[in-house]
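S.K.: Residue 1 is where the sequence shown starts when you use the UniProt record's numbering, and the numbers rise one by one after that.
Just passing along the structure, written as structure tokens.
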Amino acid sequence: MELSELRIFMAVVREGGITRAAERLNRVQSNVTTRIRQLEERLETRLFDRRGKKLVLTAAGQTLLDYADRLLALAAEAEAALADDKPRGVFRLGAMESTAAIRLPEPLARYSRLYPEVTMEMRTGNPAQLANALLAGEIEAAFVAEPVAEARFDSVPAFVEEPVIVTSQDHPPIGKTKRVPDTMIVFEQGCPHRRRLEAWYAQRGSLPERTVELGSYHAMLGCVSAGMGAALVPRSVISTFPEGTRLRITTLPKGQNRIRTLMIWPKDSRSPKVEALRELLATD
1 MELSELRIFM
11 AVVREGGITR
21 AAERLNRVQS
31 NVTTRIRQLE
41 ERLETRLFDR
51 RGKKLVLTAA
61 GQTLLDYADR
71 LLALAAEAEA
81 ALADDKPRGV
91 FRLGAMESTA
101 AIRLPEPLAR
111 YSRLYPEVTM
121 EMRTGNPAQL
131 ANALLAGEIE
141 AAFVAEPVAE
151 ARFDSVPAFV
161 EEPVIVTSQD
171 HPPIGKTKRV
181 PDTMIVFEQG
191 CPHRRRLEAW
201 YAQRGSLPER
211 TVELGSYHAM
221 LGCVSAGMGA
231 ALVPRSVIST
241 FPEGTRLRIT
251 TLPKGQNRIR
261 TLMIWPKDSR
271 SPKVEALREL
281 LATD
């Protein structure tokens, strides 16, 4: 469907007939009639019934009316956004779970105060999922742990995390006994913290007997504090866990104890909303 056809369709609905719609659109009646007939042929359904001199929407026409109204409003919003570099509209962001929970609330609150015409939406996932969502156009920017595919995305550093190994307080210190828990508690495949924990086990010549996948850091920390196994989490997450005193923290060697979180977006597609967030993060 073309937007011009939808505009003609909407005019006929609002004006109640072809004649008044043609006058409003500054078109001849035959042109309006032809365009409506072409639209019906394309959709393979009748949109209007004639009752005397009046056109009445069919059930299919009423369905199209709902969509046409939204499509034309969205098109107008897009035109306004392209003509104006002020951030506005829906801003669809993606982030890893820890970043969304710990790092983003404060900067996004400031962003909302600065740009009240922007409505924020958030999706969480691992870096691979968020990268795919960016390439599919489902989100506009994402916060992921490095590394990223430089050929596909532009990026700026956003935060630096310190990953640490956590076990229960009852577990012997790993650095002294070199004994590691038999169970590894992780997110699903694709999580950078899972990869780092798997590498840590491998470097110690150990393989976990069991791997437990969970969906949130607090669930992971709860299982760790109960003595179920070991997890690798950003240190910033631990401060939000009420039972933090029941955890034993083991730091990673230098060179492995820092992970940068980057804000990424598709190459050459920076929008006013993304640019405004990039500038806000640069002032922190």
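Built from N, CA and C at the ideal position, the CB exists for glycine as well.
In this text, all values refer to a predicted model and were calculated from it rather than measured experimentally.
#1: Would Leu277 pass as a contact of Val148 if the rule is Cβ separation under 8 Å?
#2: Just to confirm my understanding: we take Ser155, look at its own chain, exclude 5 residues before and 5 after, and list those with CB closer than 7 Å. What are they?
#3: Identify, in the order they occur along the chain, each residue of the same chain with its Cβ nearer than 6 Å to the Cβ of Phe159, setting aside the five sequence neighbours on each side.
#4: Could you tell me the alpha carbon to alpha carbon distance between Ser216 and Asn126, rounded to whole angstroms?
#5: Quick one: Cα of Thr58 to Cα of Asp69, how far?
#6: Just to confirm before moving on: does the CB-CB distance between Ile185 and Val212 stay below 8 Å?
#7: Between Met228 and Thr183, which are expected to be in contact by the criterion C-beta below 8 Å, what is the C-beta distance as a whole number of angstroms?
#8: Once DSSP output is grouped into helix, strand and coil, what is the label at Ala282?
#9: If you run the structure through DSSP and keep just helix, strand and coil, what is Lys54?
#10: Can you tell me which residues form a DSSP beta bridge with Ala261?
#11: The alpha helix (DSSP H) with Gly222 in it runs from where to where?
#12: Flag this pair as yes or no: are the beta carbons of Ser225 and Arg246 separated by less than 8 Å?
#13: Put residue 287 into one of helix, strand or coil per three-state DSSP.
#14: Determine the closest residue to Leu93 out of Glu188, Leu74, Ser271 and Leu39, with distance taken between C-alpha atoms.
M.R.: Let me lay it out:
#1: No, they are not a contact pair.
#2: These residues qualify, in order along the chain: Val148, Leu262, Met263 and Ile264.
#3: Close CB contacts of Phe159 within its chain, under the 6 Å cut and outside five residues either way in sequence, are with Arg103 and Thr261 (chain order).
#4: Straight-line Cα distance between these residues: approximately 12 Å.
#5: Rounded to whole angstroms, Thr58 and Asp69 show a C-alpha spacing of 16 Å.
#6: Taking 8 Å as the Cβ cut-off, Ile185 and Val212 qualify as a contacting pair.
#7: The pair is a contact, with the Cβ atoms about 6 Å apart (cut-off 8 Å).
#8: Here Ala282 sits in helix by DSSP.
#9: Here Lys54 sits in strand by DSSP.
#10: This sequence places Thr at residue 261; Ala is not what is there. BP columns for Thr261 point to Ala145 and Phe159.
#11: Per DSSP, Gly222 belongs to the alpha helix (DSSP H) from Tyr217 to Ser225.
#12: Cβ distance < 8 Å, so Ser225 and Arg246 count as in contact.
#13: In the structure displayed, the chain extends from 1 to 284; residue 287 sits before or after that span and is not available.
#14: Checked all of Glu188, Leu74, Ser271 and Leu39; the closest Cα to Leu93 is Ser271.
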